[in-house]
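*Asks:* Quick one: the structure is below, and I'll ask about it shortly.
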Amino acid sequence: MPRTISDLKKYLEMVPELSSRMLLSYSHLADGITNESYRLKFSKDEYVLKFFNHQAIDMGVDHKNEMRVMSRVEHLNITPTVIY
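As structure tokens, this is what we get:
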């Protein structure tokens, strides 16, 4: 179920790189099997915010490992930059 702007702002407050920036707009992206995603637009750039669901745990998805892999290959410019 799509979240409200208030919900999203609560999560953004926890991310140092985004907490003081003004969110201009957001859109709900199609949900995947293991996450719910939103495109966030700020004045100079855009981000995708992912919420992992309980099905991911049931399916054995290791999101910490996913973040480690993305961080390790970031220099290849084949993945988005992980900021939190």
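Per the working numbering, the sequence shown starts with residue 984, numbered consecutively. Just so you know, even glycine gets a beta-carbon here, dropped at the ideal spot from N, CA and C. Owing to the predicted nature of the structure, the values given are computational and were not obtained by experimental measurement.
Which first and last residues belong to the beta strand (DSSP E) in which ARG1051 is found?
*Replies:* Segment 1046–1056 is the alpha helix (DSSP H) holding ARG1051; no beta strand (DSSP E) there.
*Asks:* Just the Cα atoms here: how many angstroms apart are PHE1035 and PHE1025?
*Replies:* Looking at the two C-alpha atoms, the distance is approximately 23 Å.
*Asks:* Assuming LEU1023 is part of the beta strand (DSSP E), what are its boundary residues?
*Replies:* Taken as a continuous stretch (DSSP letters only), the beta strand (DSSP E) holding LEU1023 covers 1018–1024.
*Asks:* For the alpha helix (DSSP H) holding LEU991, just list the boundary residues, first then last.
*Replies:* 988–995 is the extent of the alpha helix (DSSP H) around LEU991.
*Asks:* If you compare alpha carbons, which of ILE1016, THR987, VAL1031, LEU1059 is closest to ARG939?
*Replies:* Residue 939 is absent from the structure shown; the chain starts at 984 and stops at 1067.
*Asks:* Residues bridged to SER1010 by DSSP?
*Replies:* Its beta-bridge partners are ARG1022.
*Asks:* Nearest-angstrom Cα distance between ILE988 and MET1005?
*Replies:* Those two C-alpha atoms are separated by around 12 Å.
*Asks:* Check this for me: beta carbons of VAL1044 and SER1054, under 7 Å apart or not?
*Replies:* Result no, Cβ atoms of VAL1044 and SER1054 do not sit closer than 7 Å.
*Asks:* Keeping to the same chain, check which residues put their C-beta closer than 8 Å to that of GLY1000; ignore five residues upstream and five downstream.
*Replies:* Before going on, a small fix: residue 1000 reads as Glu here, not Gly. Hits under 8 Å: ILE1066, TYR1067.
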